[in-house]
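This report concerns only the one structure given below.
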Amino acid sequence: MSKRIVIIGAGLAGTTAARELNESGQAVTVIDPQAGDTCERPPLSKHLFDTSRHHLPYRLESTEHITFVRDWAEEITLAEAAAESRYTAETQRHPQRLEDHHDTVGTVHLASGESIDFTHCILATGMEANRPQIPDYPEALPVYDLADAEWILNRVEEAMQPLNVGVLGSGYLGMEVATSAVAAGHHATVYLRGDEPLRRQLSAPVRQALFDAHKAAGVEFITHTSSPDDIDGNIHDLFITSVGARPRLIPIDGDRPAEAWEVNESLATSHPGIFAAGDCAIVTAGPYALDHPWACEPVAESHGKFLAELLTTTSDETPTPGADAPTETDENPAETAPRAWSDVPWHWSFQGPEKVFTAGLTSPDATDTIIRRDASGKKFQVFHFDGPEPESKLIGVETYNWPPMQAAARRVLGGNHIPTRAQLDDPEFDFKAHSRL
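First residue of the sequence shown: 1346, per this note's numbering; consecutive thereafter.
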């Protein structure tokens, strides 16, 4: 049977997969109310207070191989779709009828009441921001999608004098907003629940360096804010929230996970033929398994490319296995054996003039790490290992204000010469030279 690939979600993961499939000549249907347009979140938060571009749109045009369905997907049912229930636009693109409806893995049901059959489906529904209510600031918004960012940007452009900006939350986006405001001449106050920012993202040496730099630059921090009700309503001209996000999830035969879709090393869910990518996926196996979504743009893009290649090279005659049932056929096992997503995950955050990167597996709670600094002492890297022994292997690197060494970290982690704790503990060991091996 021929593949009928459906992608639900037109964020970075879904758009990337669609573009790659199109280039390989594979037909694909993209379901999203804004199919064709997407943007990256970091530029949304970094450039709200200056005159540079505040978002990076990724345009995807409808082509011979790409069909846009600008609608909401509400649920998926498995192996129960009748051929005559197919969505009109999809029928026009692929007018041949299915000889046997059991060849269809499932059906996507849309808010309009229409439906689309598929043989393979990529869930790339992304995340939606938590939107806490700030009693004294009813217009408070997160910076998580383009519409919110443009509303905030308009407020900034209309201001006749420097703004007093309040920010609730101290993760990456909140810190990027606050520091970009201060860099543009505004005042920013960050309200955080604990006593330091970025507690869930970065290890103690990195977050402390950022905390000190931001305070020195003029960002005000109010710690131990237990409730939005405690925030004074007579201070801020503009209020922005950044208190996390949750994956957008649609049920499959009534099943909706509590957090996100668990996928194996091939990004396959437990439902045959259905994959999940980007912010709505928890990778449970393979070299970069994690107990929560990676939730960063480079990983979303990497997932999209991986799945496009996987679905392009998988045999049309063999259903792609689910996470619980990987199989090989006797006819051509090389084509149907699952492959592992293994790109080195990485993340970047520019917070005013401060630049911080992660690569591989790092932990905010890590204490048994090795720190290496440049000659000035102002740039440094934190190295994370898979154990405390001298022969333990490097698994992740945090880099502070040292972009060339972030590139070296990615090369090392993606290569075949992974250094040990003993090597990195040696002052004579040249990490950058090692990255070129």
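Where a beta carbon is used, it is the ideal one built from N, C-alpha and C, also for glycine.
On a predicted model such as this, the values are computed, not experimentally measured, just so you know.
*Contact check, V1373 vs A1363 under 8 angstroms by CB: the rounded distance?*
5 angstroms
*Could you spell out the range, first to last residue, of the beta strand (DSSP E) harbouring F1556?*
It is not in any beta strand (DSSP E) - F1556 instead sits in the alpha helix (DSSP H) that spans 1549 to 1562.
*Three-state secondary structure (DSSP) of R1482*: It is Tyr, not Arg, that sits at residue 1482 in the sequence shown. Three-state result, Y1482: coil.
_Close Cβ partners of R1593 (< 8 angstroms) along its chain, the five nearest in sequence each way excluded_ = G1354, T1470, G1471, M1472, E1473, C1625
*Considering only residues of the same chain and omitting the five flanking positions on each side of H1339, which have a CB-CB separation below 8 angstroms?*
In this structure the chain extends from 1346 to 1782, so residue 1339 is not present and cannot be described.
*asked:* Need the endpoints of the beta strand (DSSP E) that N1499 sits in, please.
replied: Where N1499 is concerned, there is no enclosing beta strand (DSSP E), although the alpha helix (DSSP H) it sits in stretches over 1491 to 1503.
*Give me the Cα-Cα distance between G1519 and S1347, rounded to the nearest whole angstrom.*
46 angstroms
*Buried or exposed: where does D1771 fall if 16 or more other Cβ atoms within 10 Å of its Cβ makes it buried?*
exposed
*Output the distance between the C-alpha atoms of P1402 and Y1489, rounded to the nearest integer angstrom.*
14 angstroms
*asked:* Going by DSSP in three states, K1348 sits in which element: helix, strand or coil?
replied: coil
_Same chain, Cβ closer than 7 angstroms to Q1441, neighbours up to 5 away in sequence not counted_ = The pLDDT assigned to Q1441 is 40, lower than 50, so where the model puts this residue is not dependable; a value taken from the coordinates is nonetheless given after this. Around Q1441: no qualifying Cβ.
*G1458 versus P1480 - alpha carbon distance*: 38 angstroms
*Specify, as a first and last residue, the run of the alpha helix (DSSP H) that H1779 falls within.*
1776 to 1779
_When you compare the segment 1525 to 1535 with the segment 1558 to 1570, are there three or more beta-carbon pairs, one atom per stretch, that lie closer than 8 angstroms?_
yes
*Pick helix, strand or coil for P1678, following the three-state DSSP scheme.*
With a pLDDT of 41 at P1678, under the threshold of 50, the modelled position of this residue cannot be trusted; read the value that follows with caution. The answer is helix: DSSP assigns P1678 an H, G or I state.
*Look up F1651 in the DSSP assignment and say whether it is helix, strand or coil.*
helix
*Take I1716 as the anchor and find which of E1743, E1420, H1692 has the nearest alpha-carbon.*
E1743
*Mark P1596 as exposed unless 16 or more other C-beta atoms lie within 10 angstroms of its C-beta, in which case mark it buried.*
exposed
*asked:* Let's see if you can read the secondary structure: which residues bound the beta strand (DSSP E) around L1389?
replied: Note, L1389: premise wrong, no beta strand (DSSP E); alpha helix (DSSP H) at 1386 to 1391.
*Apart from the five residues on each side of it in sequence, which residues of its chain come closer than 7 angstroms, Cβ to Cβ, to A1456?*
D1416, W1417, E1419
*Just tell me which of P1388, K1391, T1383, L1389 has its CA closest to the CA of R1404.*
T1383
*Beta bridge counterpart(s) of P1402 as assigned by DSSP*: C1384
_Between which residues of its own chain and Y1633 is the CB-CB distance below 6 angstroms, once the five residues before and five after are set aside?_
P1690
*Would you check if there are 3 or more beta carbon pairs closer than 8 angstroms linking the segment 1543 to 1555 to the segment 1508 to 1524?*
yes
*Assuming C1641 contacts H1692 under a Cβ cut-off of 8 angstroms, what Cβ separation, rounded to an integer in Å, is found between them?*
4 angstroms
*Kindly indicate which three-state DSSP category Y1517 falls into: helix, strand or coil?*
helix
*State buried or exposed for N1579, treating a residue as buried only when at least 16 other CB atoms are found within 10 Å of its CB.*
exposed
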